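Here is the structure we will look at.
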DNA sequence: GTCTATATCTGGATAGAC
DNA sequence: GTCTATCCAGATATAGAC
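Protein chains in written order, with this note's numbering: chain A, 1 to 207; chain B, 208 to 414.
See below:
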């Protein structure tokens, strides 16, 4: 995807090159820590040229924040929908978790920019991203509620609170995940084991 | 602790007033999004006056980052050490979790600033905070390893990976926790239940 | 579609009065 | 311990050449 200059240094140009460069810089330095000059330099153009593609810095970050959520939502949904008919209940959680983690870590600059600076952007930018966020949260809540209605998840589990715990734990992997030391799929399985069964050796009678 | 002006608007002055104002602003707007002028205004002084207390912006953020970790580490340790002799194994995890969460949410500006902008500050500032971070991570790893050696935690649980999952989930509560809707202690117990036992209704034979 | 040049403003930091 | 005044580097954004 996107243009690649021969083989120099994969300097991408145009709209997508700007977005990729910006996402990486926002992730590293935060919203206020990145100048249009820096984005332009990373994209291989001059600062003034950015305004041909985007009307403002806020427009760039808005697009990046949205993309971060959309990619994760789409991949989680795709993984769930790819399940064979009659898959066991816990497979639904495993699939959603795997999709979330895969998209999260494969589009790390966009998703990390979202996780890190959502709370730091101007209110107008944050509001624009909120409905997209809510859509994904509702998707997960519905999925988990169905599993609970089926009896797979304990009745005393607060679904939206567990969803917050889950997303928090998954998103935090962005801060330390290193693809050269074990793949995403293994990580997803490992995390799913913990969420589903806990860490205790014996789980006879809970309090 | 710290000075309070009569009852006007709790405008704190001096060193601590600057730190409190800065922590709150860094949490809200990120490292690059906060100017010394803004910090000064929030602290009720003028920008130039800050340099009487701190040599640079970096010195301020360094102190805030360190405080964020130290408060959590101290409270977690205190909760664990307050356990009665002969407390059950899982009580150790519950205590550490409760201490972490309590300090995290009670000193939200400092801890949230740390969580949000650790990855965005200049390298020199980040390095200064790293050893303090490592100390706390080692404390948790040792505690969890002991529980595993005692047989309380399953042998197939990767301790440092579980610690990453745990801290990630706990720190994420900063993004949504609202003390007016349920206390910290209840949240800590709820999270502990999930980590210890998982969410599945039946936990007969794990794969 | 990208450039140069520039207008306008805000940033961190310093000096010295009080 | 806080102020005012200021230096200068760097910010967003615009205008117009190519």
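Glycine included, every Cβ here is placed at the ideal spot set by N, Cα and C.
Just so we're clear, the structure is a prediction, and the values are computed from it rather than from any experiment.
My output table needs one value for residue i: the three-state DSSP class, helix, strand or coil.
i: residue 347 of chain B; result: helix
i: residue 336 of chain B; result: helix
i: residue 26 of chain A; result: helix
i: residue 31 of chain A; result: coil
i: residue 365 of chain B; result: coil
i: residue 179 of chain A; result: helix
i: residue 319 of chain B; result: helix
i: residue 73 of chain A; result: helix
i: residue 195 of chain A; result: helix
i: residue 256 of chain B; result: helix
i: residue 217 of chain A; result: This structure does not reach residue 217 of chain A, given that chain A is present from 1 up to 207, and the question cannot be answered.
i: residue 119 of chain A; result: helix
i: residue 302 of chain B; result: helix
i: residue 44 of chain A; result: coil
i: residue 59 of chain A; result: helix
i: residue 287 of chain B; result: helix
i: residue 172 of chain A; result: helix
i: residue 87 of chain A; result: coil
i: residue 314 of chain B; result: coil
i: residue 220 of chain B; result: coil
On the CB-based measure, 16 or more other CB atoms within 10 Å of its CB, does residue i come out buried or exposed?
i: residue 135 of chain A; result: exposed
i: residue 71 of chain A; result: buried
i: residue 20 of chain A; result: buried
i: residue 51 of chain A; result: exposed
i: residue 334 of chain B; result: exposed
i: residue 416 of chain B; result: Only positions 208 to 414 of chain B appear in this structure, which leaves residue 416 of chain B out of reach.
i: residue 337 of chain B; result: exposed
i: residue 148 of chain A; result: buried
i: residue 321 of chain B; result: buried
i: residue 150 of chain A; result: exposed
i: residue 281 of chain B; result: exposed
i: residue 365 of chain B; result: exposed
i: residue 109 of chain A; result: buried
i: residue 22 of chain A; result: buried
i: residue 30 of chain A; result: buried
i: residue 319 of chain B; result: buried
i: residue 420 of chain B; result: Absent from the model: residue 420 of chain B. The displayed extent of chain B is 208 to 414, so no value can be given.
i: residue 388 of chain B; result: exposed
i: residue 393 of chain B; result: exposed
i: residue 94 of chain A; result: buried
i: residue 330 of chain B; result: exposed
Does any C-beta atom of chain A lie closer than 8 Å to the C-beta of residue i?
i: residue 404 of chain B; result: yes
i: residue 408 of chain B; result: yes
i: residue 236 of chain B; result: yes
i: residue 342 of chain B; result: no
i: residue 299 of chain B; result: no
i: residue 413 of chain B; result: Note on residue 413 of chain B: pLDDT 45, under 50, position unreliable in the model; the coordinate value appears next. At least one chain A Cβ lies under 8 Å of residue 413 of chain B.
i: residue 368 of chain B; result: yes
i: residue 269 of chain B; result: no
i: residue 339 of chain B; result: no
i: residue 277 of chain B; result: no
i: residue 353 of chain B; result: no
i: residue 359 of chain B; result: yes
i: residue 364 of chain B; result: yes
i: residue 310 of chain B; result: no
i: residue 255 of chain B; result: no
i: residue 293 of chain B; result: no
i: residue 259 of chain B; result: no
With DSSP as the reference, identify every bridge partner of residue i, one or two as the case may be.
i: residue 200 of chain A; result: B:360
For a cutoff of 8 Å on Cβ pairs, would you count residue i as touching chain B?
i: residue 110 of chain A; result: no
i: residue 272 of chain A; result: For residue 272 of chain A there is no data in the structure shown, the boundaries of chain A being 1 and 207.
i: residue 41 of chain A; result: no
i: residue 188 of chain A; result: no
i: residue 20 of chain A; result: no
i: residue 185 of chain A; result: no
i: residue 129 of chain A; result: no
i: residue 165 of chain A; result: yes
i: residue 114 of chain A; result: no
i: residue 175 of chain A; result: yes
i: residue 45 of chain A; result: no
i: residue 168 of chain A; result: yes
i: residue 172 of chain A; result: yes
i: residue 119 of chain A; result: yes
i: residue 99 of chain A; result: no
i: residue 14 of chain A; result: no
i: residue 33 of chain A; result: yes
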